[in-house]
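Q: Questions regarding the structure given below will be posed in turn.
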Amino acid sequence: MNRRQWISIIAISLAALLAGVLTSQWIYKTGLASDPAIKAFFANPWQTPDGKSADTEQWRGKVLVVNFWASWCPPCVEEMPTLDKLQAEFKAQNVLFVGIGIDSPSNIREFLEKTPVSYPIVIGGLEGSNLSKQMGNSQGALPYTIIINSQGKSTSSKLGKISEEELKKAIKSAL
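In short: position in the sequence shown from 1, add 11, done, that's this note's numbering.
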């Protein structure tokens with residue numbers, strides 16, 4: 012190959028690399044939940060996996076770590092032990108984790124029998140997926156975690172598996 016062909020190949024490769032980087036930035040971009048979306052979150056008639064109503068009034072005035080997940084989602088399942096650990100660590104600081112299962116009640120119950128957590132889990136179903144989109148998850152992918160401060164304002168969000176360090180930093184900034 013001559014020099015011109017090599018330059019063309021390198022230029023095309025760099026353009027493809029740049030396009031990939033920009034596309035990945037767009038895919039994982041999330042926004043913060045609007046006030047109406049947070050009001051809809053609190054107003055939703057959430058049900059626990061055993062069919063009882065969840066009392067969202069008990070969630071008000073706390074820093075909430077809301078995690079949209081599903082039992083069939085490997086990164087969701089992988090991050091649950093970390094969420095459970097941090098719930099115990101931050102409980103005394105008025106922080107509450109809430110898991111919203113985008114799955115059937117029976118699948119969630121079966122999953123929780125094998126992998127119990129200390130924080131409340133509610134059934135999201137398809138409506139939960141729509142609510143996650145309203146709350147800044149433009150891709151509708153899982154897992155999706157959003158932090159709501161004690162005044163009811165969204166302070167951060169993360170699409171994809173969240174690390175312990177990322178989550179601690181987000182919680183501390185919301186306190």
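Idealized CB from N, CA, C, for every residue including glycine.
1. Quick check on G147: buried or exposed, where buried means 16 or more other Cβ atoms within 10 Å of its Cβ?
2. Using the three-state DSSP reduction, which class does K164 fall into: helix, strand or coil?
3. For K180, which option in I158, K172, T67 has the closest C-alpha, if you only look at C-alpha atoms?
4. If L123 and I111 are in contact, beta carbons under 8 angstroms, what's the gap, nearest whole angstrom?
5. Should L137 go down as buried or exposed, given a rule of 16 or more other Cβ atoms within 10 Å for buried?
6. Just to confirm, is the Cβ distance from P47 to P154 under 8 angstroms?
7. Going along the chain, which residues of its own chain have a beta-carbon closer than 8 angstroms to the beta-carbon of S64, five neighbours each way excluded?
8. Report buried or exposed for W80, applying the criterion of at least 16 other Cβ atoms within 10 angstroms of its Cβ.
9. What's the gap between the Cα of Q145 and the Cα of T126?
10. For K183, tell me which candidate among L97, S140, N13, A51 has the shortest Cα-Cα distance.
11. Rounded to whole angstroms, what is the Cα-Cα separation between G135 and P116?
A: By the coordinates alone:
1. Counting from one through the sequence shown, the residue named residue 147 turns up at place 136. Buried, by the Cβ-count rule.
2. Position 153 of the sequence shown, counted from the start, is the residue given in the question as residue 164. Coil.
3. Within the sequence shown, the letter at position 169 stands for residue 180. Residue I158 is the option with its Cα nearest to K180.
4. Numbered from its first residue, the sequence shown carries residue 123 at position 112. Numbered from its first residue, the sequence shown carries residue 111 at position 100. In fact, because the Cβ distance is near 13 angstroms, the residues do not count as touching under 8 angstroms.
5. Along the sequence shown, read from residue 1 onward, the residue named residue 137 stands at position 126. The residue in question, L137, is exposed, as its Cβ has fewer than 16 Cβ neighbours within 10 Å.
6. Sequence index remark: in the sequence shown, residue 47 carries index 36 (1-based). Sequence index remark: in the sequence shown, residue 154 carries index 143 (1-based). Their beta carbons are not under 8 angstroms apart, which means P47 does not touch P154 by this criterion.
7. By one-based count along the sequence shown, residue 64 stands at place 53. Only P56, W57, Q58 meet the Cβ criterion.
8. Translated into the one-based positions of the sequence shown, residue 80 becomes position 69. When all chains shown are included, W80 counts as buried.
9. What you label residue 145 is simply residue 134 of the sequence shown in a count that begins at 1. What you label residue 126 is simply residue 115 of the sequence shown in a count that begins at 1. Rounded to whole angstroms, Q145 to T126 spans 29 angstroms at the Cα level.
10. If you number the sequence shown from 1, residue 183 lands on position 172. Here the closest residue by C-alpha is L97.
11. Here residue 135 refers to the residue found at position 124 when the sequence shown is read from its first residue. Here residue 116 refers to the residue found at position 105 when the sequence shown is read from its first residue. Between G135 and P116, the C-alpha separation is close to 9 angstroms.
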